[in-house]
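The listed protein sequences correspond, in order, to chains A and B.
For any residue, its number in the numbering used here is found by taking its place in the first sequence, counting from 1, and adding 8.
For any residue, its number in the numbering used here is found by taking its place in the second sequence, counting from 1, and adding 8.
Note that CB positions come from ideal geometry on N, CA and C, so glycine has one too.
Here is the structure we will look at.
There are 2 protein chains.
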Amino acid sequence: MGEKQRIVVIGGVAAGPKAAARARRCNPDAEIVILERGKMTSYAGCGLPFFISGMIHDFSELYKTSYGMPRDENYFGKEKNIKLYTRTEAVSIDRNAKVVKAVNLETGEELNFPYDKLVLATGAVPFIPPIEGIDLEGVYQLNHPDDALKIQKALDTGEIEHAVIVGAGLIGMETADALFNRMVEVTIVEFQNQVLPGMLDPDIAAKLQRHMYEEGATIYTGDKVVRIEGKDGKVTRVVTEKHGLIECQMVITAVGVRPNVKLAKEAGLEIGETGAISVNEYMQTSDPDIYACGDCVESVHMITGKKVYAPMATYANRHGRVVGDNVTGGKSTVKGILGTGVAEIFEMNIGRTGLGEVQAKNLGYDVITAIVSDLDRTHYHPAHKLIQIKLIVDANTKRILGAQAIGQGDVVKRIDVVASAISLGAKLEDMFNIDLGYAPPFSTPIDPIIGAASVISNKEKGLAVTITAQELKEKLERGDDIVLLDVRTAEQFKTKHIKDERVIQIALSDLRDQVDKIPKGKEIVTICPMGKRAYEASRILQGAGFEDVKFLEGGLNMWAYDLEIKKK
Amino acid sequence: MGEKQRIVVIGGVAAGPKAAARARRCNPDAEIVILERGKMTSYAGCGLPFFISGMIHDFSELYKTSYGMPRDENYFGKEKNIKLYTRTEAVSIDRNAKVVKAVNLETGEELNFPYDKLVLATGAVPFIPPIEGIDLEGVYQLNHPDDALKIQKALDTGEIEHAVIVGAGLIGMETADALFNRMVEVTIVEFQNQVLPGMLDPDIAAKLQRHMYEEGATIYTGDKVVRIEGKDGKVTRVVTEKHGLIECQMVITAVGVRPNVKLAKEAGLEIGETGAISVNEYMQTSDPDIYACGDCVESVHMITGKKVYAPMATYANRHGRVVGDNVTGGKSTVKGILGTGVAEIFEMNIGRTGLGEVQAKNLGYDVITAIVSDLDRTHYHPAHKLIQIKLIVDANTKRILGAQAIGQGDVVKRIDVVASAISLGAKLEDMFNIDLGYAPPFSTPIDPIIGAASVISNKEKGLAVTITAQELKEKLERGDDIVLLDVRTAEQFKTKHIKDERVIQIALSDLRDQVDKIPKGKEIVTICPMGKRAYEASRILQGAGFEDVKFLEGGLNMWAYDLEIKKK
Chain A
9 MGEKQRIVVI
19 GGVAAGPKAA
29 ARARRCNPDA
39 EIVILERGKM
49 TSYAGCGLPF
59 FISGMIHDFS
69 ELYKTSYGMP
79 RDENYFGKEK
89 NIKLYTRTEA
99 VSIDRNAKVV
109 KAVNLETGEE
119 LNFPYDKLVL
129 ATGAVPFIPP
139 IEGIDLEGVY
149 QLNHPDDALK
159 IQKALDTGEI
169 EHAVIVGAGL
179 IGMETADALF
189 NRMVEVTIVE
199 FQNQVLPGML
209 DPDIAAKLQR
219 HMYEEGATIY
229 TGDKVVRIEG
239 KDGKVTRVVT
249 EKHGLIECQM
259 VITAVGVRPN
269 VKLAKEAGLE
279 IGETGAISVN
289 EYMQTSDPDI
299 YACGDCVESV
309 HMITGKKVYA
319 PMATYANRHG
329 RVVGDNVTGG
339 KSTVKGILGT
349 GVAEIFEMNI
359 GRTGLGEVQA
369 KNLGYDVITA
379 IVSDLDRTHY
389 HPAHKLIQIK
399 LIVDANTKRI
409 LGAQAIGQGD
419 VVKRIDVVAS
429 AISLGAKLED
439 MFNIDLGYAP
449 PFSTPIDPII
459 GAASVISNKE
469 KGLAVTITAQ
479 ELKEKLERGD
489 DIVLLDVRTA
499 EQFKTKHIKD
509 ERVIQIALSD
519 LRDQVDKIPK
529 GKEIVTICPM
539 GKRAYEASRI
549 LQGAGFEDVK
559 FLEGGLNMWA
569 YDLEIKKK
Chain B
9 MGEKQRIVVI
19 GGVAAGPKAA
29 ARARRCNPDA
39 EIVILERGKM
49 TSYAGCGLPF
59 FISGMIHDFS
69 ELYKTSYGMP
79 RDENYFGKEK
89 NIKLYTRTEA
99 VSIDRNAKVV
109 KAVNLETGEE
119 LNFPYDKLVL
129 ATGAVPFIPP
139 IEGIDLEGVY
149 QLNHPDDALK
159 IQKALDTGEI
169 EHAVIVGAGL
179 IGMETADALF
189 NRMVEVTIVE
199 FQNQVLPGML
209 DPDIAAKLQR
219 HMYEEGATIY
229 TGDKVVRIEG
239 KDGKVTRVVT
249 EKHGLIECQM
259 VITAVGVRPN
269 VKLAKEAGLE
279 IGETGAISVN
289 EYMQTSDPDI
299 YACGDCVESV
309 HMITGKKVYA
319 PMATYANRHG
329 RVVGDNVTGG
339 KSTVKGILGT
349 GVAEIFEMNI
359 GRTGLGEVQA
369 KNLGYDVITA
379 IVSDLDRTHY
389 HPAHKLIQIK
399 LIVDANTKRI
409 LGAQAIGQGD
419 VVKRIDVVAS
429 AISLGAKLED
439 MFNIDLGYAP
449 PFSTPIDPII
459 GAASVISNKE
469 KGLAVTITAQ
479 ELKEKLERGD
489 DIVLLDVRTA
499 EQFKTKHIKD
509 ERVIQIALSD
519 LRDQVDKIPK
529 GKEIVTICPM
539 GKRAYEASRI
549 LQGAGFEDVK
559 FLEGGLNMWA
569 YDLEIKKK
């Protein structure tokens, strides 16, 4: 090249700086410019709830490198030889002249940035629900560091006793957790019938919701905020459709984000069916000299092949690297995504990858699933904790479609294992030959995720016949004449059990001798805390000639309801 | 079937009971018998070091189910309808008559057990090195719960101040850790030139060895025990070839185990090239009515296709399930293994899967590797810890061959991810599209394992030129005229750095301005703690026209040596 290549990046948060830095490493000579509307760049948006919660004391941690360097104009200039313009908004793209027109938001000065390759990393903006009172003081979103600083300032006054979170998505839930850690009472209002509706199946979500309820959070699912009321311009309460008034001093709306595609749209670039910028696997837009990455683009789902909008930090970074390669002459690609997501909420770890059961069924898949409760490491290791894992398999092709998990133990490792397996096209049989590491401080000789695969295989062979906690609850409430056989010891049974006259207790070790005590001709559901003894019991009864025997899948640990059964 | 099927299982520790229990679930009617020479069954051999260390207080935890049921004759009889004979040794197999002859070790009574299907789960026995003094009181192995009880009893006398561990394999290292936790000084003597020679590459092993040394353990690698000396029949010291005398009150030999194949051999069953029982993928021996599983059989390596001997708890359980299926008419299979192994030693987590670099090279592979140092979660999350990950890729096919890792952070998850990927035939490119879960408490937006894949890709593209810590050390000791450029800030540099006149310090942010300070025409090695800034610096220098620039792979965190360089 004679002249130096000019690369202009619009957006300085995650994908943009990553693309710029990668481009720099690939091409030491290019002129690289980042335009960022805000003051701060390269901040960790995912860390904002941890700042509010008080876990991160020093705000600057969120925009420093791991070695303590704030990512500012100086850093980009000195370490990367990248020219960063903050408070500089790109206002239009002249694709023919290959020039970005921008304005300095401080001075009003108009600037022109000619480019050879342009990178759009314009991110997403939070959707602000059109509710009466949304403009009152005390109503926030949590998208930008400035939001976090405002929320923290409000918390520091000591006047916030109760906060309402609108939306039980990931940001809403993490924010609720953060406020809870600051001793603020929280009420979460969610329009759909479960928490984390975009992320978890109802059964796993019910377990999380129950846990949060037991910890002291109030959650109104299937409800919505009608209006926000205030006094002297400050929020004082929220009015919900079903649960009436909630007195509060703070409202945080977290009802999702929208891709910021204004610039791209006005420049005539193709916008996809999801509303985000359409890109090919090289992250090129419909204009081959313009790339886009991060929260403003759409992705392809690895399993369905369909376009999806998935604004997540990992994708932003992956995109950035690929764009950095390609604007400097490379040919890197981004393949599909699985929508893997993990979080820690009220000291519960949750995770999911691939398709959920409901999602898969809605897409027309015939699925077979299994839920297991298990310890995340050997029971004799003092650090062991409980986890529940759900595995979702295509009943026809046996392809692994997804997994979801919840528990105080290590669920994330298992989600990552399944994500790896799905990425490489794993089928059910493959799960049994994945050679996972075992040592007592880390896992069990048969890992819970392999245990989940075994249950699916046992279902296919007819060895395991199960019922889910929700199905059982409905059956009991309906008044079905069934036998609920709890196979723990009498002593273990005493501690906590479903309270209903249909429950009988026979310890597994007595079952073979006392099989005559069980009424013939009825549907039998065997139960125990983990589901293991109940499975064993179901096999004993099936072997003894009982015809309609099921065990409670995932055990009582999946029972996310009151123990007292109220017949309808 | 007219008559009930008779299944006889020889061996009651791991694979045997698993096979029997699975067979019971598959076939409620079969007559199932387990013969076990010892008193205890189904104990957790992997938990023995945790019992010695004092972490597990109640010995019975090691042979109870997770719901507190001791796995004895009563448990097997009542819960499983399996007849367990303890203290009953199988002495021969009459394959024509299909009868196992056994003897009750308490009464001397001879017993015959006719079988339709026989399962050999005879396990392994520790190899006792033929050293003078091996029979002295105070010399132990750690293979059976009885060994652990004896060692604990000796520790409880308070007379054990110093113990010598012979062999730095996994059992030796875990035992050293356990004794160290009991405030016993330990010296480990290992014949090979590194710790965990069967498990880790020398670079990762050096890092572990250095850590243990800094914690206070004495490790003599490349040495051997010549004899053990005693007084009044009790051990008083060990004589080593290179390091002379070690006063001690306890010696534990841990130099490996051998498959227990006596019975199989005498019955004329095929023994494989590894010395273990040869089985097909259905776990059948050369006699189709005799199955074998657990520590007495050989496995197939998933990558090389070669037979290997890999006595591990996970395989025993996997085998047991398959054998349980197949002795009851199923057709389950066991595919190859990757030899995945993980452990916690002196509060360092270590792990490996697949082939190591040295192992792969010895097998004729042309490999490309990368080591990265990284945090296991975001730096702003207080729980973050350091890890080092090494990824090993076939330079020709780009297939992932293996990974090794060490650190106080979560290395096991990354090993499991790679194990999953290798099991499904992953190539380097596939790593970039594995959709791992990210949230600040669990990981970083670009997971360290993906970071390692990136380094390999950067090496292939010529962007990353590296040197390993060991190569650099040799270079410096040899007196090579190189420039060692530390790119931390002056303040960070002060805390800890390589002490040598060839070291110069220029902060990364000053490097572009001060590039003239660096002597031309010399080999330059850039260094920093993690390797990230050093990589950036190497790109700056390469861009500025320096021709021979490398960065220290994995950073100073991989420097397992003294900081003072002693030229040879």
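### Task
Measuring alpha carbon to alpha carbon, tell me which of V463(A), L187(A), K575(A) and V331(A) ends up nearest I376(A).
Locating residue 376(A) in the first sequence gives position 368, counting from the first residue. Across the set V463(A), L187(A), K575(A) and V331(A), the C-alpha of V463(A) shows the shortest separation from the C-alpha of I376(A).
### Message
In whole angstroms, give me the CA-to-CA distance for V426(B) and T361(B).
### Response
Within the second sequence, numbered from 1, the residue matching residue 426(B) stands at position 418. Within the second sequence, numbered from 1, the residue matching residue 361(B) stands at position 353. Linking V426(B) to T361(B) through their CA atoms gives a straight-line distance of about 7 Å.
#### Entry: Test: R547(A) CB closer than 9 Å to a CB of chain B
Against the first sequence, residue 547(A) aligns to sequence position 539. It does; some Cβ of chain B falls within 9 Å.
### Query
From what residue to what residue does the beta strand (DSSP E) around N89(B) run?
As a first step, residue 89(B) must be located in the second sequence, where it is residue number 81. No beta strand (DSSP E) holds N89(B); DSSP gives it neither H nor E.
### Task
Using a Cβ-Cβ cut-off of 9 Å, state whether F559(A) counts as contacting chain B.
Position 551 of the first sequence, counted from the first residue, corresponds to residue 559(A). Interface flag for F559(A) against chain B is unset, since no Cβ pair is found closer than 9 Å.
### Task
Counting only the same chain and skipping the five closest in sequence on each side, list residues whose C-beta sits under 6 Å from that of Y541(A).
The residue given as residue 541(A) occupies position 533 in the first sequence. The amino acid at residue 541(A) is misidentified as Tyr; the sequence shows Arg. Within the same chain, and ignoring the five residues on either side of R541(A) in sequence, the residues whose Cβ sits closer than 6 Å to its Cβ are V495 and L516.
### Listed by chain order, chain B residues near F448(A) by CB distance under 8 Å
On the first sequence, residue 448(A) is found 440 positions in, with the first residue counted as 1. This sequence places Pro at residue 448(A); Phe is not what is there. The contacting residues are A52, C54, G55 and F58.
### Task
Name, going along the chain, the residues of the stretch 70-86 of chain A whose beta-carbon falls closer than 9 Å to a beta-carbon of chain B.
So the list reads L70, K72, T73, S74, Y75, G76, M77, N82, Y83, G85 and K86, given in the order they occur along the chain.
### Task
List the residues that DSSP assigns as beta-bridge partners of K483(B).
For the purposes of this step, residue 483(B) is identified with residue 475 of the second sequence, where counting begins at 1. K483(B) is not bridged to any residue.
### Cut-off 6 Å between Cβ atoms - residues of its own chain near S307(A), not counting five sequence neighbours on either side
The residue given as residue 307(A) occupies position 299 in the first sequence. Excluding positions up to five away in sequence, the list reads V316, A318 and I345.
#### Entry: Secondary structure, beta strand (DSSP E): runs of 3+ residues fully inside the stretch 398-457 of chain A
Secondary structure remark: continuous beta strand (DSSP E) runs of at least 3 residues inside the stretch 398-457 of chain A, in chain order: 408-415.
### Query
Name the residues in the stretch 471-482 of chain A whose C-beta lies less than 7 Å from a C-beta of chain B; which are they?
Identification of residues in the stretch 471-482 of chain A having a C-beta nearer than 7 Å to some C-beta of chain B yields L471, given in sequence order.
### Message
Once DSSP output is grouped into helix, strand and coil, what is the label at L383(A)?
### Response
Numbered from 1 along the first sequence, position 375 holds the residue referred to as residue 383(A). Strand.
### Query
Can you tell me the Cα-Cα spacing of E237(B) and P456(A), whole angstroms?
On the second sequence, residue 237(B) is found 229 positions in, with the first residue counted as 1. On the first sequence, residue 456(A) is found 448 positions in, with the first residue counted as 1. Cα-Cα distance, rounded: 48 Å.
### Query
From the DSSP output, which residues share a beta bridge with R245(B)?
The residue labelled residue 245(B) in the question sits at position 237 within the second sequence. Partner(s): E237(B) and E255(B).
### Message
Using the three-state DSSP reduction, which class does L113(B) fall into: helix, strand or coil?
### Response
Translated into positions along the second sequence, residue 113(B) becomes position 105. The answer is coil: DSSP assigns L113(B) none of H, G, I, E or B.
### Task
Report yes or no: is there a C-beta of chain B within less than 9 Å of the C-beta of G19(A)?
For the purposes of this step, residue 19(A) is taken as the residue at position 11 of the first sequence. Judged by the 9 Å Cβ criterion, G19(A) is not in contact with chain B.
### Task
Kindly list the residues whose CB is nearer than 6 Å to the CB of M9(A), restricted to its own chain and excluding five residues on each side of it in sequence; keep chain order.
As a working mapping, residue 9(A) is identified with position 1 in the first sequence. For M9(A), the pLDDT reaches just 44, beneath the cut-off of 50, and the residue's location in the model is therefore unreliable, leaving the point undetermined.
### Query
So is the beta-carbon of H505(B) under 8 Å away from any non-hydrogen atom of the ligand ZN?
This structure lacks the ligand ZN; in fact it carries no ligand of any kind.
### Task
Select from the stretch 414-425 of chain A all residues with a C-beta closer than 7 Å to any C-beta belonging to chain B, and list them in chain order.
Taking 7 Å as the Cβ-Cβ cut-off against chain B, the residues of the stretch 414-425 of chain A that qualify are V420, K421, I423, D424 and V425.
### Query
Quick one: which chain B residues come within Cβ less than 8 Å of M63(A)?
Along the first sequence, one-based indexing puts residue 63(A) at 55. Those are H389 and P390, listed as they occur along chain B.
### Rounded separation between G313(A) and K125(B) - CA only
Along the first sequence, one-based indexing puts residue 313(A) at 305. Along the second sequence, one-based indexing puts residue 125(B) at 117. G313(A) and K125(B) have their C-alpha atoms some 48 Å from each other.
### Message
Using DSSP's beta-bridge definition, name the partner residues of M356(A).
### Response
Counted from its first residue, the first sequence places residue 356(A) at position 348. In the DSSP output, where bridge partners are listed per residue, M356(A) has I353(A).
### Query
So what's P296(A) in DSSP terms, helix, strand or just coil?
The residue given as residue 296(A) occupies position 288 in the first sequence. P296(A) falls in the coil class under three-state DSSP.
### Query
Taking any Cβ of chain A, which residues in the stretch 317-330 of chain B have a Cβ under 9 Å from it, in chain order?
Listed in sequence order: M320, A321, T322, Y323, A324, N325, R326, R329 and V330.
### Task
Taking C-beta pairs closer than 7 Å, name the residues in chain B that K343(A) reaches, listed in chain order.
In the first sequence, the residue the question calls residue 343(A) occupies position 335. The contacting residues are N441.
### Query
Straight-line CA distance for E87(B) to T73(B)?
Working through the second sequence from its first residue, we reach residue 87(B) at position 79. Working through the second sequence from its first residue, we reach residue 73(B) at position 65. Those two C-alpha atoms are separated by around 12 Å.
### Query
Among S294(A), K504(A), L549(A) and K528(A), which has the Cα closest to the Cα of D521(A)?
Translated into positions along the first sequence, residue 521(A) becomes position 513. With distances taken between Cα atoms, D521(A) lies closest to L549(A).
### Query
Can you name the residues of chain B whose CB is closer than 7 Å to the CB of N334(A)?
Locating residue 334(A) in the first sequence gives position 326, where the first residue counts as 1. In chain order: nothing, as chain B lies at least about 13 Å away.
### Task
For P153(B), I'd like the list of residues in its chain whose CB is within less than 6 Å of its CB, leaving aside the five on either flank, ordered along the chain.
As a working mapping, residue 153(B) is identified with position 145 in the second sequence. Closer than 6 Å at the Cβ level, and outside the excluded window around P153(B), lie M48 and Y51.
### Task
Could you give the DSSP three-state label for M9(A): helix, strand or coil?
Sequence index remark: in the first sequence, residue 9(A) carries index 1 (1-based). With a pLDDT of 44 at M9(A), under the threshold of 50, the modelled position of this residue cannot be trusted, and the question is left open.
### Task
Could you tell me the distance, in whole angstroms, from the CA atom of I60(A) to the CA atom of K481(A)?
As a position in the first sequence, residue 60(A) is number 52, starting the count at 1. As a position in the first sequence, residue 481(A) is number 473, starting the count at 1. Take the alpha-carbon of I60(A) and the one of K481(A): they are about 38 Å apart.
### Message
Assuming V174(A) is part of the beta strand (DSSP E), what are its boundary residues?
### Response
Working through the first sequence from its first residue, we reach residue 174(A) at position 166. It spans H170 to V174 - the beta strand (DSSP E) in which V174(A) sits, taken as one unbroken run.
### Task
Under 8 Å by Cβ, that's how I've got I279(A) and Q412(A) pegged, so tell me the actual separation to the nearest angstrom.
What you label residue 279(A) is simply residue 271 of the first sequence in a count that begins at 1. What you label residue 412(A) is simply residue 404 of the first sequence in a count that begins at 1. Incorrect: roughly 31 Å between the Cβ atoms, too far for contact.
### Message
Helix, strand or coil for V147(A)? Go by DSSP, reduced to three states.
### Response
For the purposes of this step, residue 147(A) is identified with residue 139 of the first sequence, where counting begins at 1. It is a strand residue.
### Message
DSSP three-state label for P78(B), please.
### Response
Numbered from 1 along the second sequence, position 70 holds the residue referred to as residue 78(B). P78(B): strand per DSSP, three-state reduction.
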